[in-house]
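Below: the structure, in structure tokens.
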Amino acid sequence: MMRRFNSGYGVVPVLLLAALSPVHIAHAQTVTGTIDASITLVAACEVNGDTATSNVDFGSLDFGSVSTFFTSSDAQVDGNGSGNISVQCSPGSDATITIDSGANDAAVAGGGRALANGSVYIPYDIYSDAGFSTVLNNGSTLSVTGDGTEQTVPIYGRAVGVAGLSPGTYTDTISVTLTF
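Set out below in structure tokens:
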């Protein structure tokens, strides 16, 4: 009978050969590149802090509460709480504000704007100056410098009392367009 003797020396040469032979290790690869970032800015204007392009609130012209026997009442458009319309446009984007004649145009003798309560009208005009000397008629324009800073645009109004007025609230709506 033959005896087998396993000394374990057969494993040692294999391990020794494996340790001394060149090893093929996977090296990490590196890929480099770039990301292009950009932004395109377009000219813009904001009115009273609002950047919307429609249904913008340019302010209100409130003649207050007066007697039905009043002779005249003066007011200033309050667009931002400080008594003016505030417009800020991008540098290089000068703007033009165009004002129409209002919803009740020509409802009073001599034409012009009118505050209405049903079929009763109170004539009024709007002006670009506090001295009420420069009337802003239908299609009148006001210029705004586009330099990136807030510009104030004052607009004043004067309502004139007429005979036979009844108590109530009289209103009108003036359309305003800002073009830049």
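Residue numbers for the sequence shown, in mature numbering (1 follows the signal peptide of the UniProt record, and there is no 0): -28 to -1, 1 to 152.
Just so you know, even glycine gets a beta-carbon here, dropped at the ideal spot from N, CA and C.
Integer Cβ distance of residue i from residue j, believed to fall under 8 Å
i	j	result
I69	I98	That pair is no contact at about 12 Å.
V132	A67	Not quite, the Cβ-Cβ distance comes to about 31 Å (not below 8 Å), so this is no contact.
I71	Y142	The Cβ separation is near 19 Å, so there is no contact.
E122	Q60	5 Å
Extent of the continuous beta strand (DSSP E) to which residue i belongs
i	result
S87	Contrary to the premise, residue 87 reads as Leu rather than Ser in this sequence. Per DSSP, L87 belongs to the beta strand (DSSP E) from R85 to N89.
Y142	Y142 -> no beta strand (DSSP E), and no H or E assigned at all.
V19	C17 to V19
Q48	S44 to Q48
L150	V148 to T151
Residues bridged to residue i (per DSSP)
i	result
I57	V125
V116	A67
V38	Partner(s): none; V38 has no beta bridge.
I94	L87
Burial state of residue i (16 or more Cβ within 10 Å)
i	result
A79	buried
S73	buried
I7	exposed
N20	buried
L(-13)	For L(-13), the predicted model reports a pLDDT of 48, less than 50, meaning its position is unreliable; a value from the coordinates is still stated below. Result: exposed.
Own chain, CB closer than 8 Å to residue i, minus 5 neighbours either side, in chain order
i	result
T2	none
Cβ neighbours of residue i in the same chain (closer than 6 Å, five flanking residues each side left out)
i	result
residue 154	Residue 154 lies beyond the stretch modelled for the chain, which goes from -28 to 152, so this question has no answer here.
L137	T40
Sequence-distant residues of its chain with Cβ nearer than 7 Å to residue i (five each side left out)
i	result
G140	N89
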